[in-house]
Amino acid sequence: MDLRLYDTLTKQKQPFRPLDPSNVRMYVCGPTVYDYAHIGNARPAIVFDVLFRLLRHIYGAEHVTYVRNITDIDDKINARALELRGDRDLDVLEVVRELTERTYAVYQEDVAALGNLPPTFMPRATEHVPQMIAMIRSLIDAGLAYAAEGHVLFEVAKKADYGKLSRRPLDEMIAGARVDVAPYKRSAMDFVLWKPSDANTPGWDSPWGRGRPGWHLECSSMIEATMGETIDIHGGGIDLVFPHHENEIAQSEGAHHGHSLARFWMHNGFLNVEGEKMSKSIGNFVTIHELLADWPGDVLRFNMLRAHYRQPMDWTLAGMKESWDTLARWYDVAEPVTATRIGDGFLSALSDDLNTPQAIAELHKASPEELAGGLSLLGFNPISERLASKKSVDTVEISRAIEARNAARKAKDFKESDRIRDELLAQGIQLKDGPDGTTWEIKR
RNA sequence: GGCCACGUGGCGGAGUGGUGACGCAGCGGUCUGCAAAACCGUUUACCCCGGUUCAAUUCCGGGCGUGGCCUCCA
84 MDLRLYDTLT
94 KQKQPFRPLD
104 PSNVRMYVCG
114 PTVYDYAHIG
124 NARPAIVFDV
134 LFRLLRHIYG
144 AEHVTYVRNI
154 TDIDDKINAR
164 ALELRGDRDL
174 DVLEVVRELT
184 ERTYAVYQED
194 VAALGNLPPT
204 FMPRATEHVP
214 QMIAMIRSLI
224 DAGLAYAAEG
234 HVLFEVAKKA
244 DYGKLSRRPL
254 DEMIAGARVD
264 VAPYKRSAMD
274 FVLWKPSDAN
284 TPGWDSPWGR
294 GRPGWHLECS
304 SMIEATMGET
314 IDIHGGGIDL
324 VFPHHENEIA
334 QSEGAHHGHS
344 LARFWMHNGF
354 LNVEGEKMSK
364 SIGNFVTIHE
374 LLADWPGDVL
384 RFNMLRAHYR
394 QPMDWTLAGM
404 KESWDTLARW
414 YDVAEPVTAT
424 RIGDGFLSAL
434 SDDLNTPQAI
444 AELHKASPEE
454 LAGGLSLLGF
464 NPISERLASK
474 KSVDTVEISR
484 AIEARNAARK
494 AKDFKESDRI
504 RDELLAQGIQ
514 LKDGPDGTTW
524 EIKR
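Each residue of the first sequence is one higher than the last, beginning at 84 in the numbering used here.
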């Protein structure tokens, strides 16, 4: 089965051939740990987890390395820590540490609840500062970076193909630059590799004074540290194309004699909520954490996979409901299956640039064995209990009511039996009479 | 303003130069005391205007519309 993936750099679907089939390497930009992750953040986590699983299926589980980083050095974190401290007598650096630890822990729980496998490595920026300093040195040595006033900047003009990923000619970007140009910059587009820290900001000693790395640097550095100079796939949200990934390319290629950073660049589309862009001011900011409080993670995951990863997607409550219904029906069919298999149509859909909607369509036509196999490959464990509502219900009470109703039905006291049924329905319990007796489910 | 996506039936959502994916909803039926669930069957589509072609929803050009990036952002 030929895997084809869309590459942002060439803007084409290309056949995927790993550099080394015994070690397929993929890196995905992870979260900045300063606040709960929102459902937009869940999309790349889920999409690239599916890709991870597909690669493991094709090349063998032990032959795929998946790295997703944790950004725990960032000015948003620092700003939040200052807010949290307020005027209390606390060490801000300590608040930063607590904030990142706590947020990191919640993130790990949340993505696991979404059915994602743990990546092979989850490196953190704070653990790679020496490597970052070393990379800055290489860039200075290569004549691509310069130090000025405690900063080190990447000199974009020195890299002839800068802008190749986002397809932005350099002169146009400078003309359109809206930022105030810092006096120490040689050009408006030059970006920061290192910047000074004050007493209230985490900092590390370096040849350019106590400071901290610029955001883009950590990914370049951690890719090098965990997987080497050139990897097979680099993924992330489409909004990261510029400037983040563009700058990663500049840094990594600059520090590695022009050797390319990634052979495939993959970007997932944006997510809207009920037709609107998610934003705190509109009040439609939905976090993974709060969603998991009343929806099974499987439902959130399935909902995400109903749209192709590159398409913009609209997250809606109606869609969640539909996802739940489909999954519930499928789990009933797949749960008793013991010998699973992967259908050809299903696999070729997935192999066509991760066409999950097509793959799902194939599952609708599949045998129970293929359905179970497909669900499993997509990261679902078809165990009906996993779909149980997070709402607490008194199952003993429900069983008793069902017995009472069936007794009434037997006695042909339909007025009473319907009364019980309606009463349960009012509580959100939907009864289902089947040939093997009565079951129930939570009505959403 | 620059760059880039996208526009498919009531809804979600693939795909293709020529026999109207798939799911949900709707409708008809089986089942049921009646419903629900389940199962079987089934109606509805390709933004507008040109062009290429024997043939365009699919390719090309233009228009309109929506969204993204250009500043932190998945």
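A virtual CB, placed ideally from N, CA and C, is assigned to each residue, including glycine. No experiment lies behind these values; they were computed from the predicted model shown.
Just mark Pro326 as buried or exposed, buried being the case when its beta carbon has 16 or more other beta carbons within 10 Å.
buried
Exercise. Under 8 Å by Cβ, that's how I've got Asn106 and Thr154 pegged, so tell me the actual separation to the nearest angstrom.
Key: So it is not a contact: roughly 25 Å between Cβ atoms.
When you compare only the Cα positions, how much space is there between Gln214 and Asp315? 21 Å
- Simplified DSSP state of His339, which is helix, strand or coil: coil
*With contact counted as at least three CB pairs below 8 Å, one residue from each stretch, are the stretch 281-300 and the stretch 94-110 in contact?*
no
Classification of Asp166 by the beta-carbon crowding that lies within 10 angstroms, buried from 16 upward
Just to set this straight, residue 166 is Glu in the shown sequence, not Asp. When all chains shown are included, Glu166 counts as exposed.
Is the beta carbon of Ala422 closer than 8 Å to that of Leu458?
no
Worksheet item: Hey, would you say the C-beta of Glu145 is under 7 Å away from at least one heavy atom of the ligand MG?
Response: Because no ligand of any kind appears in the structure shown, any question about the ligand MG cannot be addressed here.
Quick check: the Cα distance between Leu460 and Val133, rounded to an integer number of angstroms? 8 Å
Who are the Cβ neighbours of Val239 in its own chain at under 8 Å, not counting the five residues just before and after it?
Tyr245, Leu253, Ser270, Met272, Asp273, Phe274, Ala333
Ends of the beta strand (DSSP E) at Met361?
-> No beta strand (DSSP E) contains Met361, which DSSP labels as neither H nor E.
Please report how far the alpha carbon of Ile216 lies from the alpha carbon of Thr309, in whole angstroms.
16 Å
* **Bounding residues of the beta strand (DSSP E) (the contiguous stretch that carries Asn464)** => Counting along the chain, Asn464 falls outside any beta strand (DSSP E), and DSSP gives it neither H nor E.
Straight-line gap, Met305 to His211 (C-alpha atoms, nearest Å)
7 Å
Could you tell me the distance, in whole angstroms, from the CA atom of Cys302 to the CA atom of His342? 16 Å
With distance defined between alpha-carbon atoms, name the residue in Ala195, Ala231, Arg293 nearest to Leu383. Ala195
Cutting at 6 Å between CB atoms, please list the residues of its own chain near Phe385, excluding the five before and the five after it.
Ser406, Leu410
Notebook entry, point to check: Which residue from Pro395, Ala265, Leu173, Phe347 puts its Cα closest to that of Val235?
Noted result: Ala265
Chain-order list of residues whose beta-carbon lies under 7 Å from that of Ala125 (same chain, five-residue window excluded) = Leu197, Ile371, Leu383, Met387
Option nearest Lys526 by Cα separation, candidates Tyr187, Gly520, Leu514: Leu514
Checklist line | His317, buried or exposed, once every other Cβ within 10 Å from all chains shown has been counted against 16 | finding: buried
Exercise. Which residues in the same chain as Ala484 place their Cβ atom closer than 7 Å to its Cβ, once the five residues preceding and following it in sequence are excluded?
Worked result: Ile503, Leu507
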